[in-house]
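Protein sequences, first through last, are from chains A and B.
Each residue of the first sequence is one higher than the last, beginning at 1 in my numbering.
Each residue of the second sequence is one higher than the last, beginning at 1001 in my numbering.
Below is one structure, written out as structure tokens; the observations come after it.
There are 2 protein chains.
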Amino acid sequence: MEILEKLLDIELPIIQAPMAGVQGSELAIAVSRAGGLGSLPGAMLGIDSLRQEITAIQSQTTQPFNVNFFCHSPPAIDAERETRWRELLTPYYRELGLDPQSILPGPGRSPFNEQIADVLLDVKPAVVSFHFGLPTTELTAKVKSTGAKILSSATTVAEALWLEARGVDAIIAQGIEAGGHRGSFLSDDLSLQMSTFALVPQIVARVKVPVIAAGGIASVDGVAAAMKLGAVGVQVGTAYLLCPETTTSAIHRAALRSAQAQHTAITNLFTGRPARGIVNRLIRELGPVSPAAPLFPLAASAIAPLRAKAESQASGEYSPLWAGQNTTGCKEVAAAELTRQLAGD
Amino acid sequence: MEILEKLLDIELPIIQAPMAGVQGSELAIAVSRAGGLGSLPGAMLGIDSLRQEITAIQSQTTQPFNVNFFCHSPPAIDAERETRWRELLTPYYRELGLDPQSILPGPGRSPFNEQIADVLLDVKPAVVSFHFGLPTTELTAKVKSTGAKILSSATTVAEALWLEARGVDAIIAQGIEAGGHRGSFLSDDLSLQMSTFALVPQIVARVKVPVIAAGGIASVDGVAAAMKLGAVGVQVGTAYLLCPETTTSAIHRAALRSAQAQHTAITNLFTGRPARGIVNRLIRELGPVSPAAPLFPLAASAIAPLRAKAESQASGEYSPLWAGQNTTGCKEVAAAELTRQLAGD
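Right, here's the structure in full:
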């Protein structure tokens, strides 16, 4: 028992899911100090910010923490697809008084790279987790050489076997109910994505490394249920979204507290990769999944001005309101308290 | 505790899911005799067969059993849609050497009606469950007057509240991972469908009637996990599909035993209503969800000859290979043994 606690040197088998865009070091610090594993999302941080955020964590706690990175292959910009995407969005630009000509394709999120690995060699976080598979063998080896335990998400049995073969220390089985980006990397066929109830036991039956359950877990009973399915711990994201240590926007918070939160969908509109969020106008009218959306992360740049303008008018109709299917655990309590509640501590 | 056992007068909190097309009285008898609640699917039975099957159960056991019915509103035949549907299927008719002109639109499954209610008044099953909501108020009252406990499936919180307001004795919370037809009836928006992990606690939090979990439950640990989420019992279908008491076809059995079973999808191709089955050629090429498929149950008649011809050639590429996302519980053991295993008995 307590396999995860031993592996990661933590007190409680609760990993706070890294959530790029809605949290920084503050949430990670609170969770790690409470005995769980706090996570810093690195996907949207430049090198300097990454270093600052990690330094901030290390100045506040000596407990282990996790730094998370995306490891997609950045696509080439497809001019035709970009044009089609902008055409599709033009009525919204017009409605919000934006000039479609002024919106340029941007680079968006960058994947894990050599430079980031160098930072990790310096700062030596206890845990590094990846989304969308793993970096190259060389880069992965470099991360291992820091002494960090490596985690990554699997959304199918095939992905779990792939990760195990490449030496991860534990696998996060991400059920279809999870909020934010699907971690899938071997196939883009959404029908392959399974629920936590179906996925966890199937992965547990096939791999030897410890399995962490993610998706739909929002209470101490949910944690116990995930353990019953064979998980050694859980990764929880959505439940933390209302904690004061997050940077969740007022619009996002209001949506999470409303009945709207009962309707989420997996959509590719905001970034080009499937991710679960609360259904809003953009999803209703163009999605949830549009073949016109440019590949990850390129779809985001054409959405950004719509989102900014709408949010300035207190509207979340063009914002990625990431959330899982079970928002019943969202509470306006300190992250430390929520962590202890989830662990039944 | 043991709320479900008391409510339904059963020993084990295990309901065998009614599975039209792959089982009759034999499976229901075995499960009820083992102390669970066996179910007879009535959806595809004529009045005489229904009566015979119920008589068969009552001659073999005095234990409670469940009879299940669909309660959809039969749609009018839309000639244009039927034509479009047949056009879409024509390449397959050609490939299999079938004459598209010989295939007529048929009536398909009929919903619960007055005549069936009369049979129930006679035979008085202990439990009657419905899929796709409930029959009219009058018909529902008539079923209640037989003394039967009434169950129905909810796939959203809204559906659970709807069913509770209409007096069901318990609600089956059907997670998105469940095999066969979605029980949804208030909306056809598939993005509203939630996983067992997300759905069960949300329904439990909102209704006073007992909640039964369905979807992805395939082992004694799965049952325990569902109970942790607040369910008082479970409804299990997929795990029973290989039991000798089922009529699951050899083709369907082979698919369930193969790696193919790891890839299921919710499809409307076979009947017109969304249902989860193992992905085969028809689903890959036309679906999983096609707007051309006629409304339930009309889509089935144009598929029937393709299915029959392909199955005669040992192919399941046009068959509804219903299965949930978690087939790890499928075992070639007697249904009584499986029932006891699920209950940890």
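The beta-carbon is built from N, C-alpha and C at its ideal position, and this holds for glycine as well.
Boundaries of the beta strand (DSSP E) in which residue i is found, first to last residue
i, result
"Val1211(B)", "Val1211 to Ala1214"
"Leu1151(B)", "Lys1149 to Ala1154"
"Ile1172(B)", "Ala1170 to Gln1174"
Sheet register partners of residue i (DSSP bridge)
i, result
"Gly1038(B)", "Phe1065(B)"
"Arg1276(B)", "Gly1180(B) and Ile1266(B)"
"Ser59(A)", "None, per the DSSP bridge assignment."
"Ser1129(B)", "Asn1068(B) and Leu1151(B)"
"Gly251(A)", "The question names Gly, but residue 251(A) is Ile in the sequence shown. Paired residue(s): none; Ile251(A) is not in a bridge."
"Gly233(A)", "Ile212(A)"
"Trp1322(B)", "Gly1277(B)"
Terminal residues of the alpha helix (DSSP H) in which residue i lies
i, result
"Arg284(A)", "Arg281 to Leu286"
"Phe197(A)", "Thr196 to Arg206"
"Ile1015(B)", "Careful: Ile1015(B) lies outside any alpha helix (DSSP H), inside the beta strand (DSSP E) at Ile1014 to Gln1016."
"Thr1259(B)", "Before going further, note that residue 1259(B) is Ala rather than Thr in the sequence given. Note, Ala1259(B): premise wrong, no alpha helix (DSSP H); not H, not E."
"Lys1228(B)", "Val1220 to Lys1228"
"Pro91(A)", "Ala79 to Glu95"
"Gln341(A)", "Ala335 to Leu342"
"Thr137(A)", "Thr137 to Lys144"
"Lys1331(B)", "Segment: none, Lys1331(B) is in no alpha helix (DSSP H) and carries neither H nor E."
"Glu1011(B)", "Glu1011(B) -> no alpha helix (DSSP H), and no H or E assigned at all."
"Arg33(A)", "Ser25 to Arg33"
"Ile1217(B)", "Note, Ile1217(B): premise wrong, no alpha helix (DSSP H); not H, not E."
"Pro305(A)", "Ala299 to Ser312"
"Gln115(A)", "Glu114 to Val123"
"Leu163(A)", "Val157 to Ala165"
Closest Cα partner of residue i within the set the options
i, options, result
"Gly1344(B)", "Gly1021(B), Leu1027(B), Gly1035(B) and Leu1008(B)", "Gly1035(B)"
"Thr61(A)", "Ile10(A), Ile77(A), Leu163(A) and Ser129(A)", "Ile10(A)"
"Pro1111(B)", "Ala1148(B), Cys1071(B), Asp1118(B) and Leu1089(B)", "Cys1071(B)"
"Val1220(B)", "Met1194(B), Val1289(B), Gly1233(B) and Glu1080(B)", "Gly1233(B)"
"Glu1159(B)", "Phe1130(B), Gly1222(B), Lys1144(B) and Ala1141(B)", "Phe1130(B)"
"Leu163(A)", "Ala226(A), Ala314(A), Phe185(A) and Thr267(A)", "Phe185(A)"
"Asn1066(B)", "Ile1077(B), Ile1054(B) and Lys1228(B)", "Ile1054(B)"
"Ser49(A)", "Leu286(A), Arg206(A), Gly167(A) and Ser25(A)", "Ser25(A)"
"Ala224(A)", "Val209(A), Ala205(A), Cys243(A) and Phe197(A)", "Phe197(A)"
"Ala20(A)", "Val204(A), Trp85(A) and His181(A)", "His181(A)"
"Val119(A)", "Gly97(A), Arg109(A), Leu134(A) and Lys142(A)", "Lys142(A)"
"Val1207(B)", "Leu1161(B), Met1044(B), Ala1043(B) and Ala1259(B)", "Leu1161(B)"
"Gly1046(B)", "Ile1057(B), Gln1016(B), Ser1059(B) and Phe1069(B)", "Phe1069(B)"
"Leu241(A)", "Ala226(A), Met227(A), Ala231(A) and Arg257(A)", "Arg257(A)"
"Ala126(A)", "Leu134(A), Ile116(A), Leu104(A) and Lys149(A)", "Lys149(A)"
"Ser1102(B)", "Glu1114(B), Arg1086(B) and Ile1029(B)", "Arg1086(B)"
"Thr267(A)", "Ser249(A), Leu104(A), Leu321(A) and Arg94(A)", "Leu321(A)"
"Gln341(A)", "Ile3(A), Gln16(A) and Glu2(A)", "Gln16(A)"
"Ser145(A)", "Gly167(A), Pro135(A) and Leu121(A)", "Leu121(A)"
"Ala1334(B)", "Pro1100(B), Thr1246(B) and Gly1287(B)", "Thr1246(B)"
"Ser73(A)", "Gly175(A), Ala308(A), Leu134(A) and Ile278(A)", "Leu134(A)"
"Leu104(A)", "Ile176(A), Gly175(A) and Ala302(A)", "Ala302(A)"
"Gln1058(B)", "Ala1205(B), Arg1033(B) and Val1022(B)", "Arg1033(B)"
"Glu2(A)", "Val279(A), Met227(A), Ala292(A) and Asp78(A)", "Met227(A)"
"Pro1018(B)", "Ser1187(B), Arg1094(B) and Gly1042(B)", "Gly1042(B)"
"Asn113(A)", "Ser187(A), Gly230(A) and Thr140(A)", "Thr140(A)"
Whole-number beta carbon distance between residue j and residue i, since they are thought to touch under 8 Å
i, j, result
"Ala218(A)", "Thr238(A)", "7 Å"
"Thr271(A)", "Ala300(A)", "5 Å"
"Ala1173(B)", "Ala1214(B)", "7 Å"
"Pro1294(B)", "Arg1081(B)", "5 Å"
"Ser1290(B)", "Leu1269(B)", "6 Å"
"Leu1004(B)", "Ile1212(B)", "7 Å"
"Ile203(A)", "Ile171(A)", "6 Å"
"Val31(A)", "Leu40(A)", "That belief does not hold up - the Cβ atoms of Val31(A) and Leu40(A) are roughly 10 Å apart, past 8 Å."
"Thr155(A)", "Gln193(A)", "5 Å"
is_contact[residue i, chain D] using C-beta, thresh 9 Å
i, result
"Pro1288(B)", "Among the protein chains of the structure shown, namely A and B, there is no chain D."
Problem set entry | Chain-ordered residues of the region 264-278 of chain A with a beta carbon less than 7 Å from chain B | So the list reads Ala265, given in the order they occur along the chain.
Problem set entry | Interface positions of the region 1147-1173 of chain B facing chain A (Cβ-Cβ less than 7 Å), listed along the chain | If the cut-off is 7 Å between Cβ atoms, the region 1147-1173 of chain B has Val1157 near chain A.
Problem set entry | Interface residues of the region 187-204 of chain A facing chain B [CB-CB below 7 Å] | Listed in sequence order: Ser191, Leu192, Met194, Ser195, Thr196, Phe197, Ala198, Pro201 and Gln202.
For this session: Taking a Cβ distance cut-off of 8 Å, strictly less, list which residues of the region 50-80 of chain A are near chain B, in chain order.
Result: Among the residues of the region 50-80 of chain A, none has a Cβ less than 8 Å away from any Cβ of chain B.
For this session: Select from the region 1310-1329 of chain B all residues with a C-beta closer than 8 Å to any C-beta belonging to chain A, and list them in chain order.
Result: Cβ contacts with chain A come from Gly1324, Gln1325, Asn1326 and Thr1328.
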